[in-house]
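In what follows, a structure is listed as structure tokens, so that the remarks can point back to it.
2 protein chains.
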Amino acid sequence: MSIFFSRQCEYAIQGVLYLALKPQGEMTSIKELTKRLDIPYHFLAKILQRLATTGLLTSAKGPTGGFALGKPAKEITLFDIVEAIDGSDFMDKCVLGFPECSGKNPCSVHSTWGRMRDEIYQMLVSKNIAEMAREMKKPEYRAAAG
Amino acid sequence: MSIFFSRQCEYAIQGVLYLALKPQGEMTSIKELTKRLDIPYHFLAKILQRLATTGLLTSAKGPTGGFALGKPAKEITLFDIVEAIDGSDFMDKCVLGFPECSGKNPCSVHSTWGRMRDEIYQMLVSKNIAEMAREMKKPEYRAAAG
DNA sequence: TGTTATTAGGACGACTTACTCTGAAACAAC
DNA sequence: GTTGTTTCAGAGTAAGTCGTCCTAATAACA
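So the sequence lines, in the order shown, correspond to chains A and B.
For the record, in the first sequence the residue sitting at position 123 is 123 according to this note's numbering, with numbers rising by one throughout.
For the record, in the second sequence the residue sitting at position 8 is 154 according to this note's numbering, with numbers rising by one throughout.
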């Protein structure tokens, strides 16, 4: 299928980004998130729970409860979210699937792909959520979160 | 899951690469391929059939039958195989899954990811099978195909 | 012509991912 | 304490992907 992130991971990123747009510490209910982001309610609930257990988010039950970032937005990178949901196997597996492919025994796209993978990794760790949220507030971007 | 190619696509690439190492026009049976590449027999059969219907491979039944490249190896690119199996949707979908994301309305990684995607595309179209097969023959690479 | 080696193609099962449902637990407000 | 709102937890459903099996078609060859 040639994808990069799983659906779950996409939703996780969108959710965290939405929370980052809120005043720090403010709790947001799944209902609000699900409505604004157009993601199935229970599915998103599962994903947020998962992010909460890894510490990326905090949660509170009851009325006025909901989810919020577990630490300052600028300390959360895209990679943190990807790793929590999808894992980071893609970093060390041969892109063509050759089991024998390694540094000493490289397949024909090993070095090229390796370079690109490093760039992707750099993008993931250098992009923090605070920065991304700021960019999304700009008038150029009027999307799901407002 | 953070992958790039599906399992099917990986197998397809490995299979075509193996065929490219053979003298031109020589038929190779699934049995040989499956044994050398360690891919489930019937699953590989399906994949090769699919590649044959798109013209990338030719096939012949009966004894002495099998599969062979449908055109010169240097005219087949990685992209041809990927497109035949996985399609090329990844080229124009937002990597974060925002349905509203587009050139006019870019998400916060839109341009960065776009650049990387272009690089990946360039890699896929510039790598032809003949070249890759040559590299695999070098002593540095002694893998599945020999 | 019959046998054997091979692909073609459809039906099927297992497994994974995406998504739903339900009931319980926690909590705040009254 | 009661009530309503929310997350938590786990099981259940649906769809897609991975992989198997079986039968038919085809070609070589004795």
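The C-beta atom is built at its ideal place from N, Cα and C for all residues, glycine as well.
All of these numbers come straight from a predicted model, not from anything done at the bench.
Residues sharing a beta bridge with residue i, DSSP
{"i": "residue 60/A", "result": "66/A"}
{"i": "residue 223/B", "result": "274/B"}
{"i": "residue 174/B", "result": "213/B"}
Check whether residue i and residue j have beta carbons under 8 Å apart
{"i": "residue 190/B", "j": "residue 157/B", "result": "yes"}
{"i": "residue 154/B", "j": "residue 96/A", "result": "no"}
{"i": "residue 282/B", "j": "residue 116/A", "result": "no"}
Cβ shell of residue i (< 8 Å), same chain only, five flanking positions each side left out
{"i": "residue 211/B", "result": "173, 175, 205"}
{"i": "residue 77/A", "result": "124, 125, 126, 127, 128, 129"}
{"i": "residue 202/B", "result": "162, 215, 216, 217, 222, 226, 227, 230"}
{"i": "residue 152/B", "result": "231, 232"}
Spatial neighbours of residue i in its chain, beta-carbon cut-off 7 Å, leaving aside the 5 residues before and after
{"i": "residue 98/A", "result": "107"}
{"i": "residue 25/A", "result": "68"}
{"i": "residue 48/A", "result": "15, 30, 57, 67"}
Nearest-angstrom beta carbon gap, residue j and residue i [assumed within contact, 8 Å]
{"i": "residue 144/B", "j": "residue 3/A", "result": "The first residue shown for chain B is 147 and the last is 292, placing residue 144/B beyond what the model contains."}
Spatial neighbours of residue i in its chain, beta-carbon cut-off 6 Å, leaving aside the 5 residues before and after
{"i": "residue 41/A", "result": "34"}
{"i": "residue 131/A", "result": "none"}
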